[in-house]
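*Asks:*
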Amino acid sequence: MIHIDQKTHTTKDGTTVIVLAPIGRLDITTAWQFRLKLQECISKLSRHVVVNLSQVNFIDSSGLTSLVAGMRDADKVKGSFRICNVHPEAKLVFEVTMMDSVFEIFETEQEALEGVPRSMAT
């Protein structure tokens, strides 16, 4: 069982952003629960999601897959999917798999909430 903190943030322009902060390991035993949570948030609450990974010290391929799936869900509904506060040990996984170039990754939650989506930054 994975514990996921959930907050709702409203940006200056009135957009609702859901901030999810899973705690512990994002691996084969927990990734599916996280995937369901992402799906539920994107379909019911907001198409804009920030995933705060500061409390995730381990992520494996199934954890990455759940994040990719969440990003795809958000893309489908023209939303945004951002990751922030990647734990140093988990950061390596993103770098090795080249996923750090796939996701929008921010240093802090505040930056992720204010961040300009890369698609609009060009």
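Residue numbers (full-length UniProt numbering): 1 to 122. Heads up, the beta-carbon is just placed ideally off N, CA and C, and yes, glycines get one too. Predicted model only: the values in this text are computed from it and were never measured.
(1) Determine the burial state of M120: buried for a count of at least 16 other Cβ atoms within 10 Å of its Cβ, exposed for fewer.
(2) Quick check on DSSP: helix, strand or coil for I42?
(3) Would you tell me roughly how many angstroms separate the C-alpha atoms of I42 and A74, rounded to the nearest one?
(4) Using a threshold of 7 angstroms, is the CB atom of T16 nearer than that to any non-hydrogen atom of the ligand MN?
(5) Over what stretch of residues does the beta strand (DSSP E) that includes G24 continue unbroken?
(6) Counting beta carbon pairs with one atom in the segment 96-116 and one in the segment 27-43, are three or more of them shorter than 8 angstroms?
*Replies:* Looking at the coordinates:
(1) Annotation note: pLDDT 46 at M120 (below 50); position unreliable, coordinate value reported separately. Burial call: exposed.
(2) helix
(3) Per the coordinates, the alpha-carbon of I42 lies some 6 angstroms from the alpha-carbon of A74.
(4) No copy of the ligand MN occurs in the structure displayed, which carries no ligand at all.
(5) Residues 16-26.
(6) no
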